[in-house]
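Residue numbers (UniProt numbering): 1 to 347.
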Amino acid sequence: MNLRDLFGIEHPIIQAPMAGAQNHLLAAAVCEAGGLGSIPAGMLDAAALDAELTAIEALTDRPYNVNFFCHQTPAADPTAFDAWHRMLAPLFAEFDIDPADIPAGATRQPFDAAMAAVLERHRPALVSFHFGLPSPDLLQRARATGAKIASSATTVAEGLWLQQHGVDLVIAQGLEAGGHRGIFLSEDLTTQLGTFALLPQLVAALDVPVVAAGGIADAQGVTAAQALGAAGVQLGTAYLLCPESRTNALHRAALKSPQAVHTALTTLFSGRPARGIVNRIMRELGPLPEGVPPFPLAGNAIGALRAQTEKQGLDHCTPLWAGQNVSGCREIPAGQLTRELAGGWQA
């Protein structure tokens, strides 16, 4: 069964949820073009999520996806923060930041009871998760709304675990994908596979539909994913330059520059591995240094640096999320892009 049959949509295309780079405008444009738009909730509280879902429902009556992180927020460790701030000290000094002014606390929120209550009011067609699945009681609340449930797998073991825990579809997130890795059964990045290695293995191992994600940028990539058994595709990077996205000017400039061909996995911006265009902070500290606080506690210090550097028109400390294939990232309306991508799906 492909995504068209599962959700009653015209094109088996999911617009990947991209917290910070989009809102309901991009998602609604994809929905109206016949794909499945996504609302990212990882940086929203319940009130903000309710407002986003109200806004998308005012623009489209078509099915949409809501995506949540389902991490456990760790306790803050003052000793670890001191070491983290020492690592960042040269940048703090250069950009006149006092570490004492940096707030504490999490910058990204996991799925919780308040979020579940928002889902119960809005009843989206799909609820997707990153970093595994929430607790059984919260998962049941999401499922009871009538939504299909999906989550990202970066290995066959993760796909099997997700199937055993009752998901309706699995998103095969290849190593090429931009943004945060969905890795959750292990922290070993050597386990991570490319999309077209991971996808056929998941298709062979699972009974539920598998959606391909990572490195797909055009209709030819969609065709290739279908040939390997995908029930549909999920794309994020390709939508970043669309006028409906909220990609900021520095991020847009980077995507259009020669530096966009060089991406790396880094923990610097949040504490979990995520793929972005290599910039100054990644070059100077290394993309995966020891001593970065666990997700999402690294975000506050980086946020302070980002605010100061962006004021000066610099992307030195900005998370320039992007996958390894930016060739399909074009400044065209999201609806047009969705239809062009769907042209690769063979009837």
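We put the CB at the ideal spot given by N, CA and C, even for glycine.
Item, Value
"Candidates Lys311, Ala264, Gly271 and His71, of which the one nearest leucine 320 by Cα", "Ala264"
"Assigned exposure category for methionine 18 - 16 Cβ within 10 Å defines buried", "buried"
"Unbroken stretches of the beta strand (DSSP E), 3 residues or longer, contained in the stretch 220 to 281", "232 to 235, 263 to 266 and 274 to 277"
"Contact the stretch 240 to 253 vs the stretch 284 to 296: 3+ CB pairs below 8 Å", "no"
"CB contact flag (cysteine 242, glutamate 331, <9 Å)", "yes"
"Range of the contiguous alpha helix (DSSP H) that encloses isoleucine 97", "Careful: isoleucine 97 lies outside any alpha helix (DSSP H) and carries neither H nor E."
"Entirely enclosed beta strand (DSSP E) segments - the stretch 68 to 149, minimum 3 residues", "126 to 130"
"Endpoints, beta strand (DSSP E) assigned at glycine 37", "37 to 40"
"Heavy atom of the ligand ATP within 8 Å of glycine 286 beta-carbon", "As for the ligand ATP, it is missing from this structure, which has no ligand bound."
"Check whether valine 66 and serine 128 have beta carbons under 9 Å apart", "yes"
"Glutamine 163 - DSSP class collapsed to helix/strand/coil", "helix"
"Distance between phenylalanine 131 and glutamine 163 (C-alpha atoms, nearest Å)", "14 Å"
"Where asparagine 300 falls: helix, strand or coil (DSSP)", "helix"
"Glycine 335, DSSP secondary structure in three states", "helix"
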